[in-house]
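Colleague: Under my numbering, the first residue of the sequence shown is numbered 132, with each subsequent residue one higher. Sharing a structure with you now.
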Amino acid sequence: MEDIFNVRFWGVRGTIPVADKHFMQYGGNTSCIEVNCGDQTFILDAGTGIHTLGQHLAAKQVDILFSHSHIDHICGLPFFGPMYDKTRRIDLWAGHLKPEYDLLQVIKHIMAPPIFPITPMQFHADIHYHDFTAGDDLRAARWLDAGVTIKTLALNHPDRATGYRIDYKGKSLCYITDIEHTPGMLSTDVAEFVRGATCFIYDSTYCDEEFTKYIGWGHSTWQQAVRIADYAHVQTLVTFHHDPDANDTALDKRHQQLIAARPGSLTAREQMEINLLK
Ligand SMILES: [Zn+2]
Ligand SMILES: [Zn+2]
């Protein structure tokens, strides 16, 4: 069987899903990315994109890695069909909640009447909840056997967030959202974490020109993505977590600016697939 290390985008939007026809080229679902490394399947965040992913998922065992639990990153979980399939094993990982909270507590909070009619006790899959501290290396015997390593990083975001670096067969995928940078500063912790990455996915909600309006909102800009990618000698930069107010025309324009600044960069869109082993 041919070896794989690929990434498929099921939701690329930040903050709130959009269903307007002028947003469909890039897609309206919130954060959800499928990653396959050999026989291991990972899902980065459970935004609304995870609903459709659940209808196509073949793997019987998956790990869901949460950047954090703001609603745009977790609201798809109750609608992820495999959670109700007793033949599956699903591990959920979060690094931003300790010590005040834990992941099951958060899911119970959003899946409870009168907000939602059922609770996580109705999940029938074999579910395992893992709370770690962002910055820890994650370990599981099955990843070790498969040759997959996962490192994490604490990100600057309200209520905290976690970045991930997945390494496999000498290639690496970095997922850094949601994060706010300080204007004029490089975020060297992020740059060192993503150094030499094959594929670097970064919160590019805004652009530098408008950023002063959004200080404290917890996000970053496509120009900051370029600065980090250049400094860290990343191979392919992918801008992600698009502003729900940025329609296809606006994102097309931003994409042209992006590839002028860093040729070969990609603007994430739904169903886009990247093969890291090619
Ligand atoms: Zn978000
Ligand atoms: Zn957030």
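Backbone N, C-alpha and C fix where the C-beta goes; we use that ideal spot for every residue, glycine too.
Could you have a look at Thr218 and say whether DSSP puts it in helix, strand or coil?
Modeller: In the structure shown, Thr218 sits in coil (DSSP, three-state: anything other than H, G, I, E or B).
Colleague: Between Thr380 and chain B, is there a C-beta pair that is closer than 9 Å?
Modeller: Given the protein chain composition of this structure (a single chain), no chain B is represented.
Colleague: Considering only heavy atoms of ligand 2, list every residue whose Cβ is less than 5 Å from one of them, following chain order.
Modeller: This selection yields His201, Asp309.
Colleague: Is there at least one non-hydrogen atom of ligand 1 closer than 8 Å to the beta-carbon of Asp203?
Modeller: Under cutoff, so the answer is yes.
Colleague: Can you list, in chain order, the stretches of the alpha helix (DSSP H) that have 4 or more residues and sit fully within the segment 184 to 229?
Modeller: List check, alpha helix (DSSP H) in window: 202 to 205.
Colleague: Could you tell me which uninterrupted beta strand (DSSP E) segments, each at least 3 residues in length, are contained entirely in the segment 356 to 386, listed from first to last along the chain?
Modeller: Entirely contained in the segment 356 to 386, the beta strand (DSSP E) runs reaching 3 residues are, in chain order, 367 to 371.
Colleague: My understanding is that Thr329 touches Leu407, with C-beta atoms under 8 Å, so please give their C-beta distance in whole angstroms.
Modeller: That belief holds up - the Cβ atoms of Thr329 and Leu407 are roughly 5 Å apart, short of 8 Å.
Colleague: Hey, would you say the C-beta of Gly145 is under 8 Å away from at least one heavy atom of ligand 1?
Modeller: Yes, since a heavy atom of ligand 1 falls inside the 8 Å radius drawn around the Cβ of Gly145.
Colleague: For Pro248, count neighbouring C-beta atoms within 10 Å of its own C-beta (all shown protein chains included) and say buried if the count is 16 or more, exposed if not.
Modeller: Answer is exposed; the Cβ neighbour count stays below 16.
Colleague: For Val143, name the three-state secondary structure that DSSP assigns.
Modeller: Correct three-state label for Val143: coil.
Colleague: Measure the Cβ-Cβ separation of Val143 and Gly180 and say whether it is below 9 Å.
Modeller: Cβ atoms of Val143 and Gly180: closer than 9 Å.
Colleague: Out of Lys384, Gln354, Arg291, which one is the CA nearest neighbour of Met316?
Modeller: It is Gln354.
Colleague: I want to know whether the segment 272 to 282 touches the segment 253 to 263 - three or more CB-CB distances under 8 Å.
Modeller: No, because fewer than three Cβ pairs between the segment 272 to 282 and the segment 253 to 263 fall closer than 8 Å, the two stretches do not touch.
Colleague: Could you tell me the alpha carbon to alpha carbon distance between Asn137 and Pro245, rounded to whole angstroms?
Modeller: Cα to Cα, Asn137 sits roughly 39 Å from Pro245.
Colleague: Using the three-state DSSP reduction, which class does Thr241 fall into: helix, strand or coil?
Modeller: First, the residue type needs correcting, since residue 241 is Ile and not Thr in the sequence shown. DSSP places Ile241 in helix when its eight states are reduced to three.
Colleague: Measuring straight from C-alpha to C-alpha, what distance separates Ile205 and Phe197?
Modeller: Near 8 Å, if we compare the C-alpha coordinates of Phe197 and Ile205.
Colleague: Does any heavy atom of ligand 1 sit closer than 8 Å to the C-beta of His372?
Modeller: It does: the Cβ of His372 is within 8 Å (strictly closer) of some heavy atom of ligand 1.
Colleague: Between the beta-carbon of Trp224 and the beta-carbon of Asp268, is there less than 9 Å?
Modeller: No, the pair does not count as a contact, with Cβ atoms beyond the cut-off.
Colleague: Confirm, please, whether the CB-CB distance from Val357 to Ala392 is below 9 Å.
Modeller: Yes, the Cβ-Cβ distance between Ala392 and Val357 is below 9 Å.
Colleague: Within the segment 291 to 358, note down every full alpha helix (DSSP H) run reaching 4 residues or more, in order along the chain.
Modeller: Taking only runs of at least 4 residues, the alpha helix (DSSP H) segments lying wholly in the segment 291 to 358 are 319 to 324.
Colleague: Among residues of its own chain, excluding the 5 on either side of His199, which ones have a beta-carbon nearer than 6 Å to its beta-carbon?
Modeller: Within the same chain, His199 has close Cβ partners His227, Ala292.
Colleague: Could you give the DSSP three-state label for His288: helix, strand or coil?
Modeller: Correct three-state label for His288: coil.
Colleague: So, using beta-carbon positions, are Ala243 and Thr250 closer together than 9 Å?
Modeller: Contact: yes.
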